[in-house]
Each structure stands twice: as structure tokens, then as C-alpha cells.
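Undergrad:
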Amino acid sequence: MNLFCVGLSHHTADVETRERFAGHAETDGILRGAGCTEALLLTTCNRVEVYAASEKRVSTDEIARCLVRNIENDRSEYAPPFYRYEDEKCVQHLFRVASGLDSMVVGESEILGQAKKAYESARASGVAGPCLHRLFQRAFRVAKQVRTHTEITRGSVSVGSVAVDLAQRIFGQLSSCKVLVLGAGETSERTARALVSRGVTDLRVSNRSSDRAQELAQLVGGRAVRFDEWPQQCREIDILITSTSSETPLLTPKMLAPMLRNRVDRPLFVIDIAVPRDVEPSVNEMHGVYLYDIDSLQSVAEQSLALRRQQITAAEAIIAEHVADFGKSISDKLNCKAPSAERRALGETPLHTSEL
Amino acid sequence: MDRQLLIVSTLCFLAAIGRTIVSLRAGIFRPGQFNFLAIGLGFIFQTAFLSIRGHALGRCPLTNLFEVFIFLAWSVALIYMLVGPAYRLSLMGAFTAPLVVLLQGFALIAPIDTRHPVKLPANPWLEFHASISLVAYGAFALACIAGVMYLVQERQLKTHQLHSIFSHLPPLTDLFAAITRLLWWGFALYTLGLVSGFFVGQPLPYVQVVCASGVWLLYAAILQGRHLRRLAPKHVAALCIVGFSAALALLWGITFTAQMQSLP
């Protein structure tokens, strides 16, 4: 039995090409017709990959033809953007993908959920058999081990998650924190949503346009406050997210000083995502005030990414160990005489669904 | 025999430090149960040592500088075990173990385990005064450690450098709550120790009384400043370090004076 993977990803193809080869409803059947004994299609926004097992070699071109979305209008040469991994290389590639090492954002964990979903779908439709079952179950185990034994998922890598991470480093539990969103931009909405997802319940939104404030407040489950009231609100809140289009700073040390007088042991976390900035940088020098602008949030995100990249070697070592072990254990089983019997057994046991 | 127990105890604390260093060097630090278990084991051996020494002396083992250091290290470990699960699972253990190793290591190496020429008579008030004061010192030591952690975390957040080896420190508000709690416990115990000192039935050296009252006043001022919200948390954290340094200097002075007086 030949185990292989054919695909394209953000490393090899642009988004248009990935769209062209994203597969369709009949892909599974066509792959079978092309000679794949078992096949699994993994499609995400950053990759399209087919993992397959076959008795005879199935060419990359054939796989590409199975993936193309509109074959009538697409007669171009498919092979160049595709990569192909066979046997051990295929196993290693899947383990790297599932562990997030091949992702655009190294260490992201969404890919593991997508791989599980793809496996479950292939298993349910009967195109994934014992070979792919073993391969994917091992891949899920490897991904879990990599995440547990390295710091590949450490730190936050987006502005919203960095802000939430920082808020937790200042306040711990966010459920009792009061948040004011000043200006109803897209990034502030995302940040507010991230905070709400971590337990914030008291969220106030203030905007020059009260309609937009109402709208955002409804979207994130907060309440709108009038724009001229925001300085009073600053006395009560713990976190301020500001993203107005003001040309001059709205918050200065002089303005903030009287507000801080009665809150000496309560920190204030200010997230300024406006360009030009809404808060004077010298505010960060005040006791108990922690100011982060868009650049500093991005710099924290980059620090996290750099740290994650440092963990790649440790993750690769875990993967190499599993690849060698898997190669040994699968070599006999891949050449099993009665795969259909094993497949029946696979369908009968409830373990495989529960493992997901 | 009793010194061997102390060496084993020190090794346990060293294991906690070793584990922390290995984890930090590998870039992976997940505060776990290992530090707590290692410190717990070290604490058991410390307790066994103090118990054997106490039986041999027929009184609380606080008769020389060596025993004072060990009792102080025991108090630090005791308070660490008591401060609550939130702090056990943080880097608190990684900060506590080096302090204990420093105290015990110094006590074991320095020639300070001198026996009194005459067997000291038992004085329950004196023993109570000394032991309760040292447990208060343990609380102040932990407040000092939490203060250091607070300042490190605060500095990281202010300078936007968040990925140092100390990126697993607890949140600022939790640390400040821990500092406040430890200060109150330490202050209450220290007050008890100070008051009980007046009942020991011996004339108290004037300088010692003044210095001890000075340390008491310093901690009272920190707590008052905290209570009235006149002091920023950062200043409270810094003052915890100053307070413990002063308390440690006083402890040294008291023990040194007592040893000088006991010499023939």
C-alpha cells in the first residue's frame, strides 16, 4: 500500500490558486475512481491537501484534476504549485500540519480542529479506512504531545488576544472588570469581543455617533454611554479601549491625574488602537496606568511569534520520534491482506468517534 | 544526625531550584506540583531537625544564630505552605526555595552552631516571644518575595517586555492581595511577639527594644498607608523589601548581642 499526500498551501500557492483547487462535493468519489483505496481531503483557508492510500501509484496530476472546482473551464497544467509527500515524508508532513508547525501563524491550534473534522467527515463517508485511521489518530496524539511538552502555543499573536492576555496579567479574573470602548472601530470591536469571551460583563460603548455606539453595544452585549460622559466613566472603569478618529490626544496625564486620585490601588489598562493615537504616551509613566498602543501590541505579538519559532526544534524532535515509531508499526499493517475486514471492525467500534 | 536531616532538607529545596532552572533554560516553565512537593519534603526534614534539637535542648531550639537561621527558614517554608493554592502554583515556590537554601546553606557552612557554656533554663515566655517573632519574620519574608514578584511583573508591563523568564508571574492584583494578606499576618504575629517580649522576666536591652519598635512602626506605617490608599501598590511592594531587610538586620543584631552576652 502506498501512502501519500498531495496538496498546496500558503507556502506554495496564492489564495486564487487555492480556491481553484479547493475540492467539491464529488471529490471523494472521484478520488476513489482515480485509484485511491482510502482518501481524506483537508481544506482550510491556508491549505488544500489530499491524504490517500492506494495499491498503485496515483499521479499528482490526477489528484489535482479531482480537486479542481470547475473542470470544464480549467484546462491548465496543475502540477507546479502542488507538493507531494510519500510514506514517511507524508507521515511527517501530517504530524507537522496537525501540530501547527506548517501554519501561517506557527503554533495555532485551529488546524487541529479542522484536521479532526476532515477525518470525521472522511470516516463517516467511508473513504477513510484503517491506514488513514491509524495515521490521523497518531497525528492527533502527536499534536497534543507537542502542545503539552513545548511552548509552541505560548503567547498571543493577534492584537485582540494580546490585549486580553495583558488584561489577565494585570487583573487576573476579568469577570469583575469594567470596560469602556471609546470609538466603535473594527479593531476595538474585536478586542471588546475577545474581552467578553474571557468573562467581562460590564462593557460600555461611547462614540461620537450615538447610533453606532448603540449598534456596537448591542453586538457585544454592552451598553451605550453618551460621548460627553466618557471622562466621568474613566473614574469607574478598569480597561479603556480607544480608537476614535480624533486628530489630537483625548487623554493626557493632566486630564487623567484627578481621575486616578481615588483609585490608587486599582490599575488602569489603556489600549489605544487609534492612529493618530488618542492617548498621550506619557500617560504610561503614571502610577498604576498601563498604556499599550497599536505598535506595542503588535510588538508583543511578534515577541510571541519569535518565541514560538524557538520551540520548533523541540517540536520537530517529538515529531521525528513519532514518525520513526509510526513507520515501524505501520509497515506491516499497511500491507495487510484483508483491509476490508479491518475497516468493518473500525466502523463497529465507538472508540474512534470518542477519540475525536 | 540532626545536621544530616538539615542537609537532606537543603537538598530538597535545591531540587526545587534545579527543576526551575532546567525548565527556564528549556524555555518551558509551567508552574506545577514539583516545587510544592520538594518544598513540602524539605519542610518535613526541617521540622524533624527542629524537633530533635528541641528535645536535646529541652526547650525551643533558638539558642544560637545557627538555630535562629534554621527556624527562620522553617517559618518561610511554613508560610509558603499556608498562603494558599493560588500562590503555590505560581513562581512563588521558585522564589521561596532560593531564600531557604541561602538561609540554611549559610547556617550549615558558617561556624555559628556554638553550644552555650551553660544549659539555658526553660523560659516559656521567652520561647513564645522568639518563636512567634520568627514566624512573623517568615510572613514578612514571603511578603518581600511577593513584593519582588510584583515589581518584576509591573516593570514588564510598563516596559512592554513580556516574554522574559518571568512571564509566568501571577497577575498584579493577585500579587498585591497576597502582599496585603502576608503583611497583616506578619504584623499581627510580630505585635504578639513584641508584646510577649515584655513578659520574659528579664531586663530587655534598650537598643533592641527601640529597633524592634522601629520595625513594628515601619510595618504599621506601610499598612496604614495601604489602608488609607496613600501608598501606590508599587511603593508598598518596594517597602516590603525595605521592611524585611530592616527586620533581618534587627534579628542579626539581637542574636549577635545575645551571643556576646553569653560568652564568659
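In the order they appear, the protein sequences are chains L and H.
At position 102 of the first sequence the residue is numbered 1130 (my numbering), and the sequence of numbers has no breaks.
At position 163 of the second sequence the residue is numbered 282 (my numbering), and the sequence of numbers has no breaks.
Ideal Cβ placement from N, Cα and C applies to all residues, glycine included.
1) If the cut is a Cβ gap below 8 Å, which residues of chain H does Gly1316 (chain L) touch?
2) Quick one: Cα of Lys1144 (chain L) to Cα of Thr1045 (chain L), how far?
3) Helix, strand or coil for Thr1215 (chain L) per DSSP?
4) For Trp193 (chain H), which of H:Leu176, H:Ile158, H:Gly362 has the nearest alpha-carbon?
5) Tell me, please, which residues DSSP counts as bridged to Ser1037 (chain L).
6) Which first and last residues belong to the alpha helix (DSSP H) in which Ser1234 (chain L) is found?
7) Could you name the residues of chain H that Ser1358 (chain L) contacts, counting a contact when the two beta carbons are closer than 9 Å?
8) Which of the three DSSP states is assigned to Val202 (chain H) in this structure?
9) Quick one: is Gly372 (chain H) near chain L, going by C-beta distance under 7 Å?
10) Check the DSSP bridge columns for Arg1251 (chain L) and list the partner residues they point to.
11) In chain order, what residues of the same chain have a beta carbon less than 8 Å from the beta carbon of Leu276 (chain H), not counting five sequence neighbours either side?
12) Chain H beta carbons: is any one of them nearer than 7 Å to that of Val1185 (chain L)?
13) Determine, for Arg274 (chain H), whether the minimum Cβ-Cβ distance to residues of chain L falls below 7 Å.
14) From the DSSP output, in three-state form, read off Val254 (chain H) for me.
15) Please confirm whether Leu1160 (chain L) and Leu1278 (chain L) have their CB atoms less than 7 Å apart.
16) Run the CB neighbour count on Gly1227 (chain L), radius 10 Å, all protein chains shown included, and call it buried at 16 or more, exposed below.
17) Does chain H have any CB closer than 7 Å to the CB of Asp1256 (chain L)?
18) Between Phe1049 (chain L) and Phe1255 (chain L), what straight-line distance do the alpha-carbon atoms span, to the nearest angstrom?
19) Does the stretch 1194-1205 of chain L come close enough to the stretch 1148-1164 of chain L that 3 or more CB-CB pairs lie under 8 Å?
20) What would DSSP say about Glu1066 (chain L), mapped onto helix, strand or coil?
21) Could you give the distance in angstroms between the alpha-carbon of Arg122 (chain H) and the alpha-carbon of Ser128 (chain H)?
22) Look at the alpha carbon of Phe1199 (chain L) and the alpha carbon of Asp1239 (chain L), and state the distance between them as a whole number of angstroms.
23) Determine the extent of the beta strand (DSSP E) in which Val1317 (chain L) is found, giving its start and end residues.
24) Run the proximity test for Ser1189 (chain L): is its beta-carbon closer than 6 Å to any non-hydrogen atom belonging to the ligand ZN?
25) Residues of the stretch 173-195 of chain H with a CB closer than 9 Å to any CB of chain L: list them in chain order, please.
26) Between the alpha carbons of Thr278 (chain H) and Ala1302 (chain L), how many angstroms are there, rounded?
27) Taking the C-alpha atoms as reference points, what is the distance between Thr1219 (chain L) and Leu1194 (chain L)?
28) Can you grab the Cα-Cα spacing for the pair Ala1366 (chain L) / Ser1127 (chain L), in whole Å?
29) Cutting at 6 Å between CB atoms, please list the residues of its own chain near Phe162 (chain H), excluding the five before and the five after it.
30) When you compare the CB of Phe1164 (chain L) with every CB in chain H, is at least one pair closer than 7 Å?
31) When we look at the beta-carbon of Cys1364 (chain L) and count the other beta-carbons within 10 Å, is it buried (16 or more) or exposed?
32) Could you list the residues in the stretch 1265-1295 of chain L with a C-beta less than 7 Å from some C-beta on chain H, going in chain order?
33) State the CB to CB distance for the pair Thr1425 (chain L) and Ser1087 (chain L), rounded to an integer number of angstroms; the pair is presumed to be in contact (CB under 8 Å).
34) Give me the Cα-Cα distance between Ala258 (chain H) and Leu301 (chain H), rounded to the nearest whole angstrom.
35) How many Å lie between Arg1124 (chain L) and Phe132 (chain H) at the Cα?
36) Could you give the C-beta distance for Gly362 (chain H) and Leu336 (chain H), rounded to a whole number, given that I count them as a contact under 8 Å?
TA: In short, the structure shows the following:
1) On the first sequence, residue 1316 (chain L) is found 288 positions in, with the first residue counted as 1. Chain H residues near Gly1316 (chain L): Ala351, Pro352, Lys353.
2) As a first step, residue 1144 (chain L) is located in the first sequence; it is residue number 116 there, counting from the start. As a first step, residue 1045 (chain L) is located in the first sequence; it is residue number 17 there, counting from the start. About 24 Å.
3) Translated into the one-based positions of the first sequence, residue 1215 (chain L) becomes position 187. Helix at Thr1215 (chain L).
4) Counted from its first residue, the second sequence places residue 193 (chain H) at position 74. Nearest option by C-alpha distance: H:Ile158.
5) Taking the first residue of the first sequence as 1, we reach residue 1037 (chain L) at position 9. DSSP, once it has assigned bridges, lists L:Arg1075 as partnering Ser1037 (chain L).
6) Residue mapping note: residue 1234 (chain L) aligns to position 206 of the first sequence, counting from 1. Careful: Ser1234 (chain L) lies outside any alpha helix (DSSP H), inside the beta strand (DSSP E) at 1230-1234.
7) To locate residue 1358 (chain L), count along the first sequence from 1; it is residue 330. With the sequence shown as reference, residue 1358 (chain L) is identified as Ile, and Ser is not the correct amino acid for it. In chain order: nothing, as chain H lies at least about 30 Å away.
8) Position 83 of the second sequence holds residue 202 (chain H). Val202 (chain H) falls in the coil class under three-state DSSP.
9) By one-based count along the second sequence, residue 372 (chain H) stands at place 253. So no, Gly372 (chain H) is outside the interface.
10) Here residue 1251 (chain L) refers to the residue found at position 223 when the first sequence is read from its first residue. Its beta-bridge partners are L:Arg1232.
11) Numbered from 1 along the second sequence, position 157 holds the residue referred to as residue 276 (chain H). Correct list, in chain order: Leu291.
12) Residue numbering aside, residue 1185 (chain L) sits at position 157 when the first sequence is read from its first letter. For Val1185 (chain L), the answer is no, since every Cβ of chain H falls outside 7 Å of its Cβ.
13) For the purposes of this step, residue 274 (chain H) is taken as residue 155 along the second sequence, with counting starting at 1. Cβ-Cβ to chain L under 7 Å: no for Arg274 (chain H).
14) Residue 254 (chain H) sits at position 135 when you count from the first residue of the second sequence. Residue state, collapsed to three classes: helix.
15) In the first sequence, the residue the question calls residue 1160 (chain L) occupies position 132. In the first sequence, the residue the question calls residue 1278 (chain L) occupies position 250. No; because the gap between Cβ atoms is not below 7 Å, this pair is not in contact.
16) The residue given as residue 1227 (chain L) occupies position 199 in the first sequence. Exposed, by the Cβ-count rule.
17) Numbered from its first residue, the first sequence carries residue 1256 (chain L) at position 228. Answer no: the Cβ-Cβ gap between Asp1256 (chain L) and chain H never drops below 7 Å.
18) Counting from 1 along the first sequence, the entry for residue 1049 (chain L) is found at position 21. Counting from 1 along the first sequence, the entry for residue 1255 (chain L) is found at position 227. One C-alpha to the other measures close to 49 Å.
19) no
20) Residue numbering aside, residue 1066 (chain L) sits at position 38 when the first sequence is read from its first letter. DSSP places Glu1066 (chain L) in strand when its eight states are reduced to three.
21) By one-based count along the second sequence, residue 122 (chain H) stands at place 3. By one-based count along the second sequence, residue 128 (chain H) stands at place 9. If you take the alpha carbons of Arg122 (chain H) and Ser128 (chain H), they lie about 10 Å apart.
22) Locating residue 1199 (chain L) in the first sequence gives position 171, where the first residue counts as 1. Locating residue 1239 (chain L) in the first sequence gives position 211, where the first residue counts as 1. Rounded to the nearest angstrom, the two C-alpha atoms are 31 Å apart.
23) In the first sequence, residue 1317 (chain L) corresponds to position 289, counting from 1. Residues 1317-1321.
24) Only the bare structure without any ligand can be found here, which leaves the ligand ZN out of the picture.
25) none
26) As a position in the second sequence, residue 278 (chain H) is number 159, starting the count at 1. As a position in the first sequence, residue 1302 (chain L) is number 274, starting the count at 1. Cα to Cα, the separation comes out at about 20 Å.
27) The residue given as residue 1219 (chain L) occupies position 191 in the first sequence. The residue given as residue 1194 (chain L) occupies position 166 in the first sequence. In a straight line, the C-alpha of Thr1219 (chain L) is about 12 Å away from that of Leu1194 (chain L).
28) Residue 1366 (chain L) sits at position 338 when you count from the first residue of the first sequence. Residue 1127 (chain L) sits at position 99 when you count from the first residue of the first sequence. For Ala1366 (chain L), the predicted model reports a pLDDT of 40, less than 50, meaning its position is unreliable; a value from the coordinates is still stated below. Each residue's Cα considered, the two are about 32 Å apart.
29) The residue given as residue 162 (chain H) occupies position 43 in the second sequence. Here the set comprises Ala196.
30) Within the first sequence, residue 1164 (chain L) is the residue found at index 136, counting from 1. No, no contact with chain H.
31) By one-based count along the first sequence, residue 1364 (chain L) stands at place 336. Only weak support exists for where Cys1364 (chain L) lies, its pLDDT of 45 falling under 50; the coordinates are left without a value.
32) Val1292, Asp1293, Pro1295
33) With chain L running from 1029 to 1384 in the structure shown, residue 1425 (chain L) is simply not present.
34) Reading the second sequence from its first residue, position 139 is the one you call residue 258 (chain H). Reading the second sequence from its first residue, position 182 is the one you call residue 301 (chain H). Distance between the alpha carbons of Ala258 (chain H) and Leu301 (chain H) is about 6 Å.
35) Counting from 1 along the first sequence, the entry for residue 1124 (chain L) is found at position 96. Counting from 1 along the second sequence, the entry for residue 132 (chain H) is found at position 13. Cα to Cα, Arg1124 (chain L) sits roughly 39 Å from Phe132 (chain H).
36) Position 243 of the second sequence holds residue 362 (chain H). Position 217 of the second sequence holds residue 336 (chain H). With a Cβ gap of about 10 Å, Gly362 (chain H) and Leu336 (chain H) do not count as contacting.
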